[in-house]
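Protein chains in written order, with the numbering used here: chain A, 26 to 476; chain B, 9 to 146. Just so you know, even glycine gets a beta-carbon here, dropped at the ideal spot from N, CA and C.
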């Protein structure tokens with residue numbers, strides 16, 4: 026019995042140091058009486074058990090919380106008269122040996138942790154390889170198209186943040202988005218080439234790519250000054266998304282109508298939206314159509330607009346309250362074929378003919394002038410759309426102006442409260458005069474020259 | 009007849025002399041007649057505009073922010089309620105948030121969520137080194 030008590034004390038100590046959530050006595054929760062042999066616990070030394078006597082807890086140096094213990098009364102120890110008196114010399118200090126609770130068969134039980142660790146390593150590995158692939162692809166695109174771009178622009182690859190004009194820098198917006206800014210050309214302010222690659226650095230995105238394949242895209246946005254382009258609205262895009270896009274993009278919705286693709290020598294998977302057929306005829310010349318047809322797997326869409334406001338902010342049933350200021354843009358969208366599976370550098374060269382075509386179209390846009398009648402029609406139409414927009418937002422703008430006026434009055438009143446009464450009186454007089462002037466009859470003042 | 013011919017000759021000779029002095033003058037001043045740039049070169053130095061770095065509007069691509077938030081939530085939950093699986097989930101979320109982040113974003117926040125999740129895993133295991141399998145599946 027003494028051995029049992031000692032062992033129980035030991036286990037209590039061990040449980041106290043390693044946390045209370047796990048029940049250190051779980052293995053004792055059996056109905057049958059368990060005989061504990063010293064061999065089961067290889068770390069327990071038999072000498073200590075023999076020498077350690079049942080001393081009351083307060084004599085031991087370990088911190089056992091005795092407040093919960095049952096008070097040991099003399100009746101409990103009826104059979105222990107001999108062993109109750111501790112022999113003076115035999116009182117030994119109990120060594121705490123870090124007896125592990127249940128360390129048998131250790132590593133197999135940690136399989137969940139090992140799986141977790143392996144998962145983290147796999148993710149980190151994928152991060153670095155994906156990042157390296159994306160960087161390589163973006164640099165390959167930049168290097169290959171650099172010559173063509175340098176023939177058309179003075180400055181390629183400005184990063185926008187350095188004090189002096191920089192050149193040749195591929196700006197990294199994120200691990201899968203890169204930007205090249207080219208400027209210094211007649212007919213435009215500059216072009217922004219966005220290389221949007223797949224998120225190869227994120228394992229989750231790679232897995233979702235299996236279910237919903239996407240592609241690397243190259244988007245070329247030409248920023249135009251107002252004098253660079255006449256009123257041109259033209260869009261060529263895959264027929265599938267045409268209707269939806271026509272509703273979402275405002276300028277196409279207001280100005281453009283669909284034209285027959287058969288008039289032009291282009292594949293029927295594409296659709297054309299334009300304001301005037303003169304515009305379509307002017308830009309979709311046979312070399313352009315031929316280039317698009319030959320590179321149809323790389324071509325995605327083209328959008329020329331002098332009234333570009335971006336995509337409609339979709340709110341449920343509400344009219345657009347705010348809209349960015351319309352600007353003149355040319356947007357070319359190209360797609361790297363292969364849905365991201367091909368990662369050789371050579372795949373990035375497939376956009377070269379289309380880039381050439383884009384530059385050619387940019388210079389044509391600059392030279393193009395609408396016919397007089399179409400120009401007048403376009404002007405009228407735009408004024409109409411602008412007025413409609415103003416009317417729709419009129420109510421909101423009025424409310425906003427009213428709110429601003431109230432706010433200003435409130436602030437002034439607060440300021441006036443702080444001043445002394447003399448200043449307050451003067452201020453009130455001023456306000457009274459102002460209101461009289463506003464509401465009083467408007468008197469025409471005649472200046473009479475005397476002399 | 010002959011007079012008019014003489015007058016013409018004199019006029020011609022005067023023009024030639026003028027041209028010769030003109031040529032001489034040119035050679036003197038070392039001016040070179042440079043041909044105009046070919047008409048198909050559209051590069052213009054006076055139309056250089058600096059790039060304005062793109063500032064992403066709010067709400068675009070919220071994945072990174074959500075993942076950071078989740079990582080912090082999971083690590084707190086795992087630390088306080090002693091859920092080991094929450095601490096592991098926090099590490100994963102922090103990593104996913106990091107890989108989806110933009111370069112322009114504040115790296116301190118992402119780094120802090122990373123450190124927080126790793127510390128929550130370490131603390132959970134220091135306090136109770138039993139494996140997850142026995143705690144939850146026994």
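Exposed or buried, which one is residue i when buried takes at least 16 other CB atoms within 10 Å?
{"i": "residue 243 of chain A", "result": "buried"}
{"i": "residue 28 of chain B", "result": "exposed"}
{"i": "residue 360 of chain A", "result": "buried"}
{"i": "residue 355 of chain A", "result": "buried"}
{"i": "residue 284 of chain A", "result": "buried"}
{"i": "residue 170 of chain A", "result": "buried"}
{"i": "residue 46 of chain A", "result": "The pLDDT assigned to residue 46 of chain A is 48, lower than 50, so where the model puts this residue is not dependable; a value taken from the coordinates is nonetheless given after this. By the 10 Å Cβ count, residue 46 of chain A comes out exposed."}
{"i": "residue 209 of chain A", "result": "buried"}
{"i": "residue 226 of chain A", "result": "buried"}
{"i": "residue 317 of chain A", "result": "buried"}
{"i": "residue 187 of chain A", "result": "exposed"}
{"i": "residue 333 of chain A", "result": "buried"}
{"i": "residue 50 of chain B", "result": "buried"}
{"i": "residue 32 of chain B", "result": "exposed"}
{"i": "residue 327 of chain A", "result": "buried"}
Any idea what DSSP makes of residue i, helix, strand or coil?
{"i": "residue 335 of chain A", "result": "coil"}
{"i": "residue 328 of chain A", "result": "strand"}
{"i": "residue 368 of chain A", "result": "coil"}
{"i": "residue 193 of chain A", "result": "coil"}
{"i": "residue 20 of chain B", "result": "helix"}
{"i": "residue 308 of chain A", "result": "helix"}
{"i": "residue 135 of chain A", "result": "coil"}
{"i": "residue 203 of chain A", "result": "strand"}
{"i": "residue 440 of chain A", "result": "helix"}
{"i": "residue 55 of chain B", "result": "helix"}
{"i": "residue 360 of chain A", "result": "strand"}
{"i": "residue 263 of chain A", "result": "strand"}
{"i": "residue 348 of chain A", "result": "coil"}
{"i": "residue 62 of chain B", "result": "coil"}
{"i": "residue 451 of chain A", "result": "helix"}
{"i": "residue 113 of chain B", "result": "coil"}
{"i": "residue 121 of chain A", "result": "coil"}
{"i": "residue 181 of chain A", "result": "strand"}
{"i": "residue 247 of chain A", "result": "strand"}
{"i": "residue 189 of chain B", "result": "Summary: the structure shown does not reach residue 189 of chain B, with chain B confined to residues 9 through 146, and so no result is reported for it."}
{"i": "residue 219 of chain A", "result": "strand"}
{"i": "residue 284 of chain A", "result": "strand"}
{"i": "residue 354 of chain A", "result": "strand"}
{"i": "residue 294 of chain A", "result": "coil"}
Taking Cβ-Cβ distances shorter than 8 Å, what residues in chain B pair up with residue i?
{"i": "residue 145 of chain A", "result": "99, 100, 103"}
{"i": "residue 136 of chain A", "result": "139, 141"}
{"i": "residue 197 of chain A", "result": "111"}
{"i": "residue 388 of chain A", "result": "50"}
{"i": "residue 162 of chain A", "result": "Residues of chain B passing the Cβ test: none, with the nearest at roughly 17 Å."}
{"i": "residue 211 of chain A", "result": "50, 51, 52, 55"}
Report the neighbours of residue i on chain B: residues whose CB is nearer than 9 Å to its CB, in chain order.
{"i": "residue 486 of chain A", "result": "Any property of residue 486 of chain A remains undetermined from this structure, which presents chain A solely from 26 to 476."}
{"i": "residue 190 of chain A", "result": "56, 58"}
{"i": "residue 152 of chain A", "result": "103, 106, 107"}
{"i": "residue 148 of chain A", "result": "100, 103, 104, 107"}
With a cut-off of 8 Å on the beta carbons, I'd call residue i and residue j a contact; round off their distance for me.
{"i": "residue 274 of chain A", "j": "residue 331 of chain A", "result": "So it is not a contact: roughly 13 Å between Cβ atoms."}
{"i": "residue 206 of chain A", "j": "residue 182 of chain A", "result": "7 Å"}
{"i": "residue 123 of chain B", "j": "residue 93 of chain B", "result": "About 20 Å separates the two Cβ atoms, so there is no contact after all."}
{"i": "residue 190 of chain A", "j": "residue 58 of chain B", "result": "7 Å"}
{"i": "residue 72 of chain B", "j": "residue 108 of chain B", "result": "4 Å"}
{"i": "residue 364 of chain A", "j": "residue 272 of chain A", "result": "Wrong, their Cβ atoms sit about 27 Å apart, outside the cutoff."}
{"i": "residue 78 of chain B", "j": "residue 101 of chain B", "result": "4 Å"}
{"i": "residue 303 of chain A", "j": "residue 396 of chain A", "result": "6 Å"}
List, in chain order, every chain B residue whose beta-carbon is nearer than 7 Å to that of residue i.
{"i": "residue 229 of chain A", "result": "104"}
{"i": "residue 141 of chain A", "result": "96"}
Using Cβ-Cβ distances below 9 Å, what residues of the stretch 87–112 of chain B are close to chain A?
90, 92, 93, 96, 99, 100, 103, 104, 106, 107, 108, 109, 110, 111, 112
For the stretch 173–185 of chain A, list every residue whose C-beta sits within 7 Å of some C-beta in chain B, in sequence order.
177, 178, 179, 180, 183, 184, 185
Using Cβ-Cβ distances below 9 Å, what residues of the stretch 45–63 of chain B are close to chain A?
48, 49, 50, 51, 52, 53, 54, 55, 56, 57, 58, 59, 60, 61, 62
Name, going along the chain, the residues of the stretch 128–141 of chain B whose beta-carbon falls closer than 9 Å to a beta-carbon of chain A.
129, 133, 135, 136, 137, 138, 139, 140, 141
Using a Cβ-Cβ cut-off of less than 7 Å, give me the residues of the stretch 402–431 of chain A that come near chain B, in sequence order.
none
Listed from N- to C-terminal order along the chain, which residues in the stretch 262–282 of chain A have their beta-carbon within a distance smaller than 8 Å of any beta-carbon of chain B?
none
Mind checking the stretch 215–228 of chain A against chain B and listing, in chain order, the residues whose C-beta falls within less than 9 Å of any C-beta there?
215, 217, 219, 224, 226, 227, 228
Note down, in chain order, all residues in the stretch 289–305 of chain A with a beta-carbon under 7 Å from any beta-carbon belonging to chain B.
none
Name, going along the chain, the residues of the stretch 434–465 of chain A whose beta-carbon falls closer than 7 Å to a beta-carbon of chain B.
none
When you check each C-beta in the stretch 249–260 of chain A against every C-beta of chain B, which residues fall closer than 7 Å?
none
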